[in-house]
Every structure is written in structure tokens, then in C-alpha cells.
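Sequential numbering from 6 applies to the sequence shown in the working numbering.
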Amino acid sequence: MAKGMRVKLNYDVSRDPDTGAEITRLTPPEVTCHRNYFYQKCFFNDGSHLLFAGEFDGHWNYYLLDIANAEAVQLTEGAGDNTFGGFLSPDDSALYYVKNDRTLREVNLHTLAEREIYRVPDEWVGYGTWVANSDCSKLVGIEIAASDWTPLNDWQLFHDFFHKGPHCRLLRVDLQTGASRVVHEEKIWLGHPIYRPFDDNTVAFCHEGPHDLVDARMWLVNEDGSNVRKVKDHAEGESCTHEFWVPNGSALVYVSYLKGHQGRVVYSFNPETRVNEAIMPIPACSHLMSNFDGTLLVGDGSGTPVDVKDTGGYTIDNDPYLYVFDVAQKNYFRVARHDTSWATFANSRQVTHPHPSFTPDDSAILFSSDKDGKPALYIAKLPEQRVMLQS
């Protein structure tokens with residue numbers, strides 16, 4: 006198999022034993038498949054096609070699934086795809102992804118022609134998820150000095166890398182010309198650069214590492230590199246995680262949790278007023294994502310976090326559910342069990358993570374799980390009968 010080859014999928018449809026929700030497993034449990042990062046565009050605007058990663062060709066490559074016809078076309082080939090960071094263009098015409106930590110590439114979804122947009126200099130390594138602005142004319146990414154770089158294949162390496170204080174830089178790249186400019190540079194591990202939707206002047210990023218050791222996780226910077234500012238001072242024993250911009254750009258949303266506490270709290274940061282507001286308490290979810298206007302959130306219940314140093318102080322019971330949260334009503338319901346293991350698999354810390362998000366019409370949840378074997382993709386329709394809960 007190679008680029009352009011087609012894979013016929015046999016969906017497996019079942020009912021969740023606890024909520025009755027209809028669950029469709031899209032990919033076979035004997036082939037490693039997973040979704041991209043939860044805030045990266047993966048559906049066509051009409052919901053008809055889905056971008057995902059699969060190992061059908063012996064490598065983790067990108068595929069585009071025609072959902073109605075259960076047929077996927079291979080978009081990339083060979084080793085080295087960053088299969089978490091890739092995303093579709095707003096007009097559904099192209100895939101953007103990074104290969105071999107070195108080259109930013111564009112794939113034309115109609116012709117499958119591929120072009121190199123930007124090449125990371127030899128003395129640097131392209132790291133993590135690179136995120137475009139709303140009109141997909143440019144993106145922001147992180148580069149780490151090659152002299153500091155270590156592949157982060159497990160959580161011990163993740164912890165060790167934090168203490169190294171790697172030389173990192175946040176850059177922006179023009180997606181037409183490949184021209185680049187450094188926005189911000191530090192001898193601190195930087196991650197998760199994200200343009201604020203519909204506001205190219207504002208970029209969020211994080212200080213990466215064990216959540217209970219970083220000084221303050223979330224930061225903003227102007228696109229020209231000016232006005233670096235902190236989103237939130239952490240309280241004693243507080244960790245913050247998995248921040249994202251509401252897709253309409255109205256707020257930066259994140260999860261806060263305290264040492265010794267089972268539950269967590271969703272917060273919203275207004276970049277205009279610089280006010281952090283507690284939205285609602287939630288069960289112990291790892292990742293959150295919202296619908297377009299932030300009226301609904303989806304989260305994946307988890308267990309004791311592995312990305313803290315003091316795991317004993319943050320021990321919590323494992324929660325196997327996907328949840329949808331109604332922001333206005335401040336209540337929530339269980340969608341279905343994800344039952345993933347959260348294990349490191351095939352040298353990946355991320356591939357078993359659910360990373361849930363809504364389908365374009367808000368009627369269902371896309372997620373990854375290894376509950377049936379190797380990691381696979383699932384879509385869970387929101388249950389018709391919903392038991393509303395409050396923390």
C-alpha cells in the first residue's frame with residue numbers, strides 16, 4: 006500500500022452498556038489507528054469525511070475516511086509522520102502535517118500532490134502540535150535545540166526533559182511562502198502554541214513539564230513577540246492542564262485540579278478582561294474540548310495523572326466515561342464508556358488517550374481507545390436518555 010491506496014473498513018456498531026448510546030468503531034482493533042489532537046480540525050465542514058492516522062501500511066500515516074462509504078484513502082506514506090499534529094484546511098482542500106520532526110508539508114486532498122512548505126534548520130527539531138490561524142494562512146509551532154532534544158517516548162523521559170531546561174523557540178510560518186519568524190524564545194520547555202481564533206495577534210503557549218512543577222503553565226504573547234503575559238498564577242497545590250481556545254475565540258478554557266482532591270474545575274479566561282472565571286466543577290477528566298461557541302464541553306474521565314511528579318499526592322480513582330457538560334446549566338451527563346488503558350503503546354505517550362471532540366453538528370463524540378485491542382477510532386452518539394448530574 007502507498008499514497009492513494011484505498012482501505013475498506015467494516016464498522017462495528019454497539020450500544021453502550023451504561024447509557025444506551027450508539028457506539029460505532031470505525032477502525033479494526035488489530036490495526037493501530039488514532040485521531041489527531043483534539044483541537045485540530047479533523048472533519049470536513051459537513052461531517053462527511055474524517056482525517057485519522059492508521060498503520061495499515063506498516064507506518065503511522067494519514068488517511069481520509071469517507072464516512073458514508075466506509076472507505077479511507079491513504080494521504081501520506083513512509084515513516085516519520087507526526088500523526089497527532091496534522092489538520093485539515095478550513096476549506097477541506099488540504100492536509101498540513103510535520104514529517105520526521107523536520108519538514109512542514111501540505112497535501113492536496115484532490116490530487117494528493119505534496120509540497121514542502123518549511124524545513125526546520127538542522128540545529129533545531131520540530132516539536133509537538135503546530136496550529137494554524139483561523140484563515141489557515143500561517144501557523145505557530147515549537148522548535149527545540151537539537152543539542153537538547155531527546156525523543157519523549159515515555160513518561161519518565163517526559164519528567165527528565167523538564168529538568169533539562171531545553172532551549173525552545175516559538176515561531177510562526179507563512180503557509181504560502183514558508184517564511185518564518187521567531188516569536189518567543191526561552192531556556193524553558195515550551196509547548197502547545199495556539200493562535201487565538203479570529204485574532205492573529207494573540208498566541209497562547211505553555212510551560213511544559215510535570216504539572217505540579219511548572220511555575221505557571223499558561224501564557225500569552227503577541228504575534229510580534231511583545232507583551233508576554235501569564236494567564237494564571239497557580240494556587241498552592243494547584244495544577245492546570247490541557248488548555249484550548251473556544252473555536253469562536255471567546256475564551257481560553259482549561260482544567261484546574263488540586264493536590265489531594267478527586268474532582269476538577271473548568272475555568273474560562275477572558276483575554277480582553279484578563280479575568281479567570283470558574284465555570285463548573287467536573288469529574289476527573291484529562292482532556293476537554295468545546296463546541297464552536299463554548300456552550301457544550303466534552304471530557305474524558307481519567308485516573309491518577311502521569312504528568313505530575315507527586316503521583317501519590319494526586320492519586321484519584323479511574324473514571325472510564327466520556328462526559329458532556331452544559332455550561333449554562335452547570336450540569337452534565339455521561340455519553341459512554343471509553344474504557345481506554347491510558348498506557349504508553351508503541352513508544353507513544355498519546356496514542357491511547359481518548360482526546361474527545363464533537364462532530365461538526367454536535368450530535369456525537371469522536372474519540373480514540375484501546376478497549377477492544379490496539380488503539381482504534383470511535384464515534385459515540387449522544388444518548389437519547391440523559392441522566393443529568395452535578396458535582
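Glycine is no exception: its CB is placed at the ideal position from the N, C-alpha and C atoms. A quick note: this is a predicted structure, and the numbers were derived from the prediction, not measured.
- If you look at Glu248, you'll find it in the beta strand (DSSP E) that goes 243-250.
- The DSSP-derived three-state label of Lys169 is helix.
- Asn66 and Thr278 have their alpha carbons spaced roughly 42 Å apart.
- In the DSSP assignment, Glu148 forms a beta bridge with Gly131, Arg174.
- Per DSSP, His64 lies in no beta strand (DSSP E) segment and is marked neither H nor E.
- Here Arg110 carries a strand assignment [DSSP, helix/strand/coil].
- A direct Cα-Cα distance of roughly 7 Å separates Asp298 from Val251.
- Note that the C-beta distance between Gly133 and Ile147 is below 7 Å.
- Per the Cβ contact rule, the region 287-295 is in contact with the region 355-363 (3 or more Cβ pairs under 8 Å).
- In the structure shown, the three-state DSSP call for Ser353 is strand.
- Residue His39 holds the alpha-carbon nearest to the alpha-carbon of Phe350 among Ala221, Gly25, Ile28, His39.
- Between Ala209 and Ile199 a beta carbon distance of about 5 Å is seen, short of the 8 Å cut, so the two are scored as contacting.
- Leu56 is a Cβ neighbour of Leu93, given a cutoff of 7 Å.
- The continuous beta strand (DSSP E) containing Phe372 extends over residues 369-374.
- A residue is called buried when at least 16 other Cβ atoms come within 10 angstroms of its Cβ; Gly265 does not meet this threshold and is exposed.
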